[in-house]
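Here's the structure, in structure tokens; my notes come after.
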Amino acid sequence: MELKIIGECTLNKISDEIKQLLEKSRKLRSSQKENKYLDNQDVCLLLNISPRTLQTYRDKRILPYIQIDRKCYYKLEDVNLFIEKNMSVTK
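Here you go:
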């Protein structure tokens, strides 16, 4: 096996590239957290509503959703916004 020695300049370049890749990786992971999706069951449990009520929300376009094949998904951000808009404060 042949042993090669690299210079300090080359080592610094490699180190900088690794740091850039790590930063890009962190940004991607943080953006993925923002786009969390919930299915029907998750939303029903979170809002304490029945599946039929959730269907009504979809039909009346009260709660945005996407459909993949035959399954509906809701952005967590949209569900939280819905909760904020429809929250009533009791005294």
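Note that this note's numbering gives residue 1367 to position 81 of the sequence shown, counting from 1, and the numbers run on in steps of one. No residue lacks a Cβ here, since even glycine has one placed at the ideal position from N, Cα and C.
Can you grab the Cα-Cα spacing for the pair residue i / residue j, in whole Å?
| i | j | result |
| --- | --- | --- |
| residue 1308 | residue 1315 | 11 Å |
| residue 1370 | residue 1363 | 11 Å |
| residue 1338 | residue 1347 | 14 Å |
| residue 1374 | residue 1329 | 19 Å |
| residue 1305 | residue 1372 | 44 Å |
| residue 1324 | residue 1356 | 14 Å |
| residue 1312 | residue 1326 | 30 Å |
| residue 1291 | residue 1353 | 56 Å |
Can you find the residues in the same chain that come closer than 7 Å, C-beta to C-beta, to residue i, ignoring five residues on each side of it along the sequence?
| i | result |
| --- | --- |
| residue 1366 | none |
| residue 1351 | 1344, 1358, 1359 and 1360 |
Could you tell me if residue i is buried or exposed, where buried requires 16 or more neighbouring beta carbons within 10 angstroms of its beta carbon?
| i | result |
| --- | --- |
| residue 1331 | exposed |
| residue 1297 | exposed |
| residue 1289 | exposed |
Excluding the 5 residues preceding and the 5 following residue i in the sequence, name in chain order all residues of the same chain whose CB lies nearer than 6 Å to its CB.
| i | result |
| --- | --- |
| residue 1368 | 1349 |
Could you pull the DSSP bridge partners for residue i from this structure?
| i | result |
| --- | --- |
| residue 1354 | 1357 |
| residue 1323 | 1361 |
Ordered along the chain, which non-local residues of its own chain (more than five positions away) have a Cβ less than 8 Å from that of residue i?
| i | result |
| --- | --- |
| residue 1340 | 1326, 1329, 1330, 1333 and 1349 |
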